[in-house]
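So in this note's numbering, spot 24 of the sequence shown is number 1129, and the numbers just go up one at a time. Where a beta carbon is used, it is the ideal one built from N, C-alpha and C, also for glycine. The structure appears right after this line, and notes come after that.
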Amino acid sequence: MKTNQKIIDVIIVGGGLAGLTNAIHLSKFGIGVLVIEKNSYPKHKVCGEYVSNEVLPYLNYLGLDPFIFGAKKIDTFLLSTPKNKMIKTELPLGGFGISRFTLDYELYKLALSNGVVILQDSVINIQFSEDQFEITTKNEGVFKATIVIGAYGKRSAIDIKLDRNFIKNDAPFLAVKTHVTGVFPENVVALHNFKGGYCGLSKVEDDSINVCYITNFKSFKKYKNMEDFQENVLYQNPNLKEIFENSIDVFPKPLTISQISFADKSPVENHILMCGDTAGMIHPLCGNGMSMAIRSGQLASQLIISYFNGKIKSRLELEAIYKKSWNSEFKFRLKVGRIVASLFKKYNFSELMMSALKSFPKLLPFIIKQTHGKPIKINEF
Ligand SMILES: Cc1cc2nc3c(=O)[nH]c(=O)nc-3n(C[C@H](O)[C@H](O)[C@H](O)COP(=O)(O)OP(=O)(O)OC[C@H]3O[C@@H](n4cnc5c(N)ncnc54)[C@H](O)[C@@H]3O)c2cc1C
């Protein structure tokens, strides 16, 4: 197997939101970056495609304005239960709707224009010895790096190689996403609860509606196929029946992913700085994983820059500060996300929860605030 002898400053494993954010930020400061991404761009991904505004100033700083690509401004949140109890509230910060097809692709192009090298290949192993990393890829051999960022998403064979604890637990959720055309307000993100899961709806840049639902495998496997599950379970919520029956599919068939878990992970493993879902995944009910991926990319990049310019004196100091910053930024949000998701898991309890939310109108915006960050300030760059 070929070994590339050049030692690259930073290798980023995975070119999703966390990986590309890191790549753009580091390249702005003259740091040599190689991103290794197994898929080609552009590509649709399973995601609700609602991005919280907290990352907007930072995306602008990196050179990306999502509204140039048609992102929809979203300021209202709507929640419903199968018994059609409904609550609508203004989103404390608001957000925007943009497809991952466009968002990831535009970040990819920005990274390339900043001089980032992006290699399409799969990473199969990451080893650390003598203060240096060796990354083995499926096709292009071995690469050496000073720093490695793990940004390969929620779950990968790399996690098994690294013997990460979370990989030994069950990953019981699966998700389905499609785009449809139909009638839906542009400024709303809706979450419609059904027995065993929930379905999100919001518009994206080309005016189609993102329809994305998550459920547990146990509920799903009782039915013949996806259509059977949708008609028997999702349609119990009249809002979902309405949208499924009165819209036209844009995708030839929906995208699906499985093995989703929200178990605790560590943001540093075997000296690798983990970012985005690789460091921890928030329940999509809180609609904030993309912002967390982008913000964690910013955190890691700032510290790596300090390491290269000597302000952070050692690798161990870098790892300790990253771990501490990551935990203080995200640990509480993840905990609240888990609690909210577990409350909505119980069918009857979700109806009760809804009654409580309706009786205390300030409760819902309060919960949303606990799972979201504050807008990233310019002086934090
Ligand atoms: C059903 C569902 C709905 C969601 N809805 C929302 C929402 O509305 N709003 C929101 O903010 N968040 C949402 N999220 C969460 C959001 O999608 C994730 O948090 C976000 O994609 C994380 O970005 P990332 O960069 O960490 O990972 P990813 O975007 O998954 O990127 C990881 C990349 O690594 C690559 N990769 C993996 N393994 C390898 C390897 N071995 N070698 C090379 N490359 C590799 C993959 O191809 C991928 O491109 C949702 C998640 C789910 C499951």
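Flag residue i as yes when its Cβ comes closer than 7 Å to any non-hydrogen atom of ligand 1, and as no otherwise.
{"i": "E1291", "result": "no"}
{"i": "V1228", "result": "yes"}
{"i": "I1203", "result": "no"}
{"i": "E1195", "result": "no"}
{"i": "S1406", "result": "no"}
{"i": "I1141", "result": "yes"}
{"i": "I1179", "result": "no"}
{"i": "P1480", "result": "no"}
{"i": "V1118", "result": "yes"}
{"i": "T1207", "result": "no"}
{"i": "P1389", "result": "yes"}
{"i": "C1304", "result": "no"}
{"i": "L1184", "result": "no"}
{"i": "G1137", "result": "no"}
{"i": "I1319", "result": "yes"}
{"i": "L1212", "result": "no"}
{"i": "K1436", "result": "no"}
{"i": "D1382", "result": "yes"}
{"i": "A1056", "result": "Look at the range of the chain in this structure, 1106 to 1486, and you will see that residue 1056 is not part of it."}
{"i": "F1155", "result": "It is Tyr, not Phe, that sits at residue 1155 in the sequence shown. Checking the Cβ of Y1155 against ligand 1 gives yes."}
{"i": "M1397", "result": "yes"}
{"i": "K1150", "result": "yes"}
{"i": "L1215", "result": "no"}
{"i": "A1250", "result": "no"}
{"i": "G1394", "result": "yes"}
{"i": "S1363", "result": "no"}
{"i": "A1280", "result": "yes"}
{"i": "M1379", "result": "no"}
{"i": "L1122", "result": "yes"}
{"i": "M1459", "result": "no"}
{"i": "N1109", "result": "no"}
{"i": "N1144", "result": "yes"}
{"i": "G1258", "result": "yes"}
{"i": "I1263", "result": "yes"}
{"i": "M1331", "result": "no"}
{"i": "M1386", "result": "yes"}
Between residue i and residue j, which are expected to be in contact by the criterion C-beta below 8 Å, what is the C-beta distance as a whole number of angstroms?
{"i": "E1456", "j": "K1193", "result": "No, E1456 and K1193 are not in contact; Cβ-Cβ is about 17 Å, not under 8 Å."}
{"i": "F1299", "j": "L1345", "result": "7 Å"}
{"i": "I1263", "j": "V1228", "result": "6 Å"}
{"i": "F1233", "j": "H1376", "result": "5 Å"}
{"i": "N1219", "j": "S1132", "result": "4 Å"}
{"i": "Q1237", "j": "I1112", "result": "7 Å"}
{"i": "V1156", "j": "S1464", "result": "The pair is not a contact, with the Cβ atoms about 31 Å apart (cut-off 8 Å)."}
{"i": "N1321", "j": "P1277", "result": "5 Å"}
{"i": "F1201", "j": "N1165", "result": "Wrong, their Cβ atoms sit about 12 Å apart, outside the cutoff."}
{"i": "T1383", "j": "R1438", "result": "Rounded, the Cβ-Cβ distance is 16 Å, inconsistent with contact."}
{"i": "C1087", "j": "S1401", "result": "In this structure the chain extends from 1106 to 1486, so residue 1087 is not present and cannot be described."}
{"i": "G1199", "j": "D1180", "result": "4 Å"}
{"i": "V1247", "j": "M1106", "result": "6 Å"}
{"i": "V1160", "j": "I1472", "result": "Rounded, the Cβ-Cβ distance is 20 Å, inconsistent with contact."}
{"i": "H1130", "j": "Q1403", "result": "6 Å"}
> Which runs of the alpha helix (DSSP H), 4 residues or longer, sit entirely within the region 1295-1358?
Replying inline: DSSP runs (the alpha helix (DSSP H)) wholly in the region 1295-1358: 1322-1325, 1331-1337, 1343-1350.
> In the region 1232-1283, which residue ranges form an unbroken alpha helix (DSSP H) of at least 4 residues, counting only runs that do not cross its ends?
Replying inline: The qualifying runs are 1262-1266.
>> Measuring CB atoms only, is the region 1287-1297 touching the region 1361-1380, in the sense that at least three cross pairs come out at less than 8 Å?
In response: Look at the beta carbons and you see the region 1287-1297 not touching the region 1361-1380: under three pairs across the two are nearer than 8 Å.
> Is the number of C-beta pairs between the region 1342-1360 and the region 1196-1215 that are closer than 8 Å three or more?
Replying inline: As far as the Cβ criterion goes, the region 1342-1360 does not touch the region 1196-1215, which means the pair count is below three.
> Can at least three beta-carbon pairs, one atom from the region 1116-1123 and one from the region 1168-1176, be found at a separation below 8 Å?
Replying inline: Of all C-beta pairs linking the region 1116-1123 to the region 1168-1176, fewer than three are shorter than 8 Å, placing the two stretches out of contact.
> Is the region 1121-1138 close to the region 1249-1260, with three or more CB pairs under 8 Å?
Replying inline: Inter-segment contact for the region 1121-1138 and the region 1249-1260 is present: three or more beta-carbon pairs are separated by less than 8 Å.
> Can you find at least 3 beta carbon pairs, one from the region 1136-1151 and one from the region 1171-1186, that sit closer than 8 Å?
Replying inline: Touching, no.
> Counting only runs that start and end within the region 1171-1197, where is the beta strand (DSSP E) found for 3 or more residues in a row?
Replying inline: As far as the region 1171-1197 is concerned, its whole beta strand (DSSP E) runs of at least 3 residues are 1177-1185.
> Do three or more CB pairs link the region 1137-1145 to the region 1299-1309 at distances below 8 Å?
Replying inline: Taking a contact to require three or more Cβ pairs closer than 8 Å, the region 1137-1145 and the region 1299-1309 do not qualify as touching.
> Which ranges does the beta strand (DSSP E) cover as unbroken runs of at least 3 residues, wholly within the region 1364-1421, from first to last along the chain?
Replying inline: The beta strand (DSSP E) runs lying completely inside the region 1364-1421 and spanning 3 residues or more are 1377-1379, given in chain order.
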